[in-house]
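A.B. asks:
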Amino acid sequence: MNITGWVERLIRPEIRALHAYHVQPAADMIKLDAMENPYGWTPEMQMAWVERLRGQCFNRYPDPSASKLRELLTQRLDLADNQQIVFGNGSDELIQLIIMAMANAGAKVMAPAPTFVMYDMIARFVGLDYVGVPLNADFTLNLPAFLQAMQQHQPAVVFLAYPNNPTGNAFAREEVEQIIKQAPGLVVVDEAYNAFADDSFLADIARYPNLIVMRTFSKVGLAAFRLGYMVGDQAWMSEFDKVRLPYNINVLTQMGVAFALEFEDVLAGQAAQIKADRETLAAQLAEFVGVQVYPSQANFITIRLAPGLATRIFEGLKADGILIKNLSSAGGLLADCLRITIGAPNENQAFLKSFASHLQANAS
Ligand SMILES: Cc1ncc(COP(=O)(O)O)c(C=O)c1O
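Okay, so the sequence shown: first residue is 131 according to the numbering used here, each after it adds one.
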């Protein structure tokens with residue numbers, strides 16, 4: 131048998147049917163596609179980090195429970211005695227832990243559509259059914275449809291990205307609470323963009339036994355370290371922790387994030403700058419005729435263009451060395467949509483200039 135025969139016989143058909151998560155090549159480009167923080171570390175931080183690394187040995191496994199980070203976050207988040215943290219290699223890994231631990235035969239995973247693609251992908255990896263409930267055309271929750279879908283499908287777990295990716299909006303708090311109250315299973319509020327948002331469900335964990343909250347350091351300047359965490363009652367967390375592979379958070383990540391938290395004011399200042407620049411860019415984009423700008427509480431802005439334009443504008447920007455995310459190919463509610471991560475002010479202005487020229491070229 132040739133190798134394709136082996137693969138086809140042995141790899142699960144639903145895995146063969148998937149496409150690998152695609153990361154766009156971005157060398158030498160202005161990178162506004164992946165919700166990264168555009169700012170590096172200050173020279174002072176860089177010097178202090180190098181000092182911190184001096185004399186470190188890397189021959190031992192890392193602290194399996196990341197106790198220093200755990201202590202730092204437990205204090206900062208002011209967690210109650212019954213609340214615990216589980217760390218993941220990015221919050222992607224946390225999604226995987228949750229879904230793996232809940233993968234009873236026939237269990238379903240539910241989320242609004244469109245939303246972060248990993249909920250769907252990981253449900254498929256694990257062999258669970260995934261139900262996406264369409265948002266309204268303006269990307270708000272369709273609450274009656276969501277409640278009805280929960281009733282019908284009885285999902286074991288519901289994921290709500292708050293704010294949502296790729297749309298940028300935060301759903302109405304009362305509607306999220308309705309979902310938590312009526313859900314037959316666990317609700318995971320994914321606060322990946324919390325640093326740029328006005329509201330959080332962290333304090334609500336104490337009120338709802340079926341709620342946990344997930345966050346990440348990826349959007350606040352530490353994407354390279356890959357660290358996410360979830361917070362919830364220890365009854366949930368101790369179960370998810372059993373599925374976590376030992377030593378999933380490497381030594382450099384544990385050291386680096388703890389180090390960066392000593393410079394919290396720098397990271398907070400960058401997030402505040404990004405929020406202010408988001409408002410500036412949103413107002414500038416709104417001035418273009420035919421460009422619909424959706425409200426954002428994240429570090430990106432999603433826009434809708436006239437039918438058929440999005441891919442042409444995306445390609446034009448790319449030819450000018452500016453990489454954003456073309457959502458249009460996903461179709462459905464995202465047809466004609468583009469997503470722009472907020473960069474440094476000069477990057478945002480370079481984007482705007484190129485965007486304006488391509489919009490004009492395509493209008494004439
Ligand atoms: C809503 C949401 N959750 C989780 C993630 C994953 O983040 P991490 O880098 O921590 O894996 C993303 C990344 O884009 C996201 O948009």
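Idealized CB from N, CA, C, for every residue including glycine.
1) By alpha-carbon positions, which one of 396, 187, 487 ends up nearest to residue 176?
2) Once the 5 residues before and after residue 198 are set aside, which same chain residues still bring their CB inside 7 Å of it?
3) Would you please state the rounded distance, in angstroms, between the beta carbons of residue 444 and residue 431? I believe it to be under 8 Å.
4) In whole angstroms, what is the alpha-carbon distance linking residue 243 and residue 472?
5) Give the single residue among 272, 390, 419 whose Cα lies nearest to the Cα of residue 203.
6) Residue 173 to residue 404, Cα distance in whole Å?
7) Quick one: using the 10 Å Cβ neighbour count with 16 as the cut-off for buried, is residue 484 buried or exposed?
8) Residues in its own chain within less than 7 Å of residue 317 by CB, not counting five upstream and five downstream?
9) Mind checking residue 231: buried by the 16 CB within 10 Å criterion, or exposed?
10) DSSP has residue 467 in a bridge; who is on the other side?
11) In this structure, how does DSSP classify residue 243 when only helix, strand and coil are distinguished?
12) Output the distance between the C-alpha atoms of residue 303 and residue 273, rounded to the nearest integer angstrom.
13) Would you check if the distance between the CB atom of residue 221 and the CB atom of residue 344 is smaller than 7 Å?
14) Helix, strand or coil for residue 419? Go by DSSP, reduced to three states.
15) Reducing DSSP to helix, strand and coil, say where residue 214 ends up.
16) Buried or exposed for residue 151, going by 16 or more other Cβ atoms inside 10 Å?
17) Let's test the definition: count the other Cβ atoms within 10 Å of the Cβ of residue 206 and tell me whether it reaches 16, buried, or not, exposed.
18) Is residue 442 helix, strand or coil when you go by DSSP?
19) Assuming contact is defined by CB atoms lying nearer than 7 Å, are residue 269 and residue 297 in contact in what I supplied?
C.D. replies: Based on what the coordinates show:
1) Locating residue 176 in the sequence shown gives position 46, where the first residue counts as 1. When each option's Cα is compared against that of residue 176, the closest is 396.
2) One-based indexing of the sequence shown puts residue 198 at position 68. Sequence-distant partners of residue 198 (beyond 5 residues in either direction) whose C-beta falls short of 7 Å from its own C-beta, in its chain, are 384, 388.
3) Indexing the sequence shown from 1 puts residue 444 at position 314. Indexing the sequence shown from 1 puts residue 431 at position 301. No, residue 444 and residue 431 are not in contact; Cβ-Cβ is about 14 Å, not under 8 Å.
4) Here the question's residue 243 lines up with position 113 in the sequence shown. Here the question's residue 472 lines up with position 342 in the sequence shown. When rounded, the distance between both Cα atoms is 23 Å.
5) To locate residue 203, count along the sequence shown from 1; it is residue 73. Out of 272, 390, 419, 390 has the C-alpha closest to the C-alpha of residue 203.
6) By 1-based counting over the sequence shown, the position of residue 173 is 43. By 1-based counting over the sequence shown, the position of residue 404 is 274. If you draw a straight line from the Cα of residue 173 to the Cα of residue 404, it comes to about 20 Å.
7) On the sequence shown, position 354 is the one that residue 484 refers to. Answer is buried; the Cβ neighbour count reaches 16.
8) Position 187 of the sequence shown, counted from the first residue, corresponds to residue 317. 288, 290, 309, 310, 340, 341, listed in sequence order.
9) Looking up residue 231 in the sequence shown gives position 101. Buried.
10) Start at 1 with the first residue of the sequence shown, and residue 467 comes out as number 337. BP columns for residue 467 point to 434.
11) To locate residue 243, count along the sequence shown from 1; it is residue 113. Residue 243 falls in the strand class under three-state DSSP.
12) One-based indexing of the sequence shown puts residue 303 at position 173. One-based indexing of the sequence shown puts residue 273 at position 143. Rounded to whole angstroms, the separation of the alpha carbons of residue 273 and residue 303 is 12 Å.
13) Counted from its first residue, the sequence shown places residue 221 at position 91. Counted from its first residue, the sequence shown places residue 344 at position 214. The answer is yes: Cβ separation under 7 Å.
14) As a first step, residue 419 must be located in the sequence shown, where it is residue number 289. Residue state for residue 419 is assigned as coil, using DSSP reduced to three classes.
15) Reading the sequence shown from its first residue, position 84 is the one you call residue 214. It is a strand residue.
16) Start at 1 with the first residue of the sequence shown, and residue 151 comes out as number 21. Residue 151 should be labelled exposed.
17) As a working mapping, residue 206 is identified with position 76 in the sequence shown. It counts as exposed.
18) Mapped onto the sequence shown, residue 442 falls at position 312. In this structure, residue 442 counts as helix in the three-state DSSP scheme.
19) Here residue 269 corresponds to residue number 139 of the sequence shown, with the count starting at 1. Here residue 297 corresponds to residue number 167 of the sequence shown, with the count starting at 1. Cβ atoms of residue 269 and residue 297: closer than 7 Å.
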